[in-house]
Amino acid sequence: MPARRDPGTKAESRLARARMARGVTQEELADAIGVSLPTYRRLERKQTNNPGLRYLMNAALALGTDLDVLIEDEWREWMVFDQQRPAPPMPDEFWRRPYRP
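Note that my numbering gives residue 94 to position 92 of the sequence shown, counting from 1, and the numbers run on in steps of one.
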C-alpha cells in the first residue's frame, strides 16, 4: 500500500518520513500521540528547537520504530542555555565518579 500523504506535505524530517512510510496522516498520528495537529505539524516541520521527549517517544511507539530513528542531527548537538557556559562541560572536570548502571 503506498504511503498516504497530507496535501502539501514534504518529507523534510525523520518524523515525516517515518509517518509517511507507515501510511499514516498527520492528523492520525497527532491524535495517536496525544498532541494537537498544529503542535504535531511544528514537530514534523522542525519548527521547534527543543521538542518534548514524550512527544517523540509516543510517536516512535505509535510508528513501531526506535526513538533514535526520529531524532534529528541538530537535536544531538549541545544546546546553550547560558551564555556564560557556551560549551558542554569537560567530562574529567564534571564527573565525580564513573557511571555504572
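Think of the CB as a built atom: it goes at the ideal place given N, C-alpha and C, for glycine as much as any other residue.
Straight through space, the alpha carbons of L39 and D33 are spaced by roughly 8 angstroms. Sequence-distant Cβ neighbours of R99 in its own chain, meaning closer than 8 angstroms and more than five residues away, do not exist here. Beta-carbon to beta-carbon, L65 and A20 are separated by about 5 angstroms, close enough to satisfy the 8 angstroms threshold.
When only Cα atoms are considered, W80 and E74 end up about 13 angstroms apart. Residue environment analysis places P53 among the buried positions, since at least 16 neighbouring C-beta atoms fall within 10 angstroms of its C-beta. With fewer than 16 other Cβ atoms inside 10 Å of its own Cβ, L55 counts as exposed.
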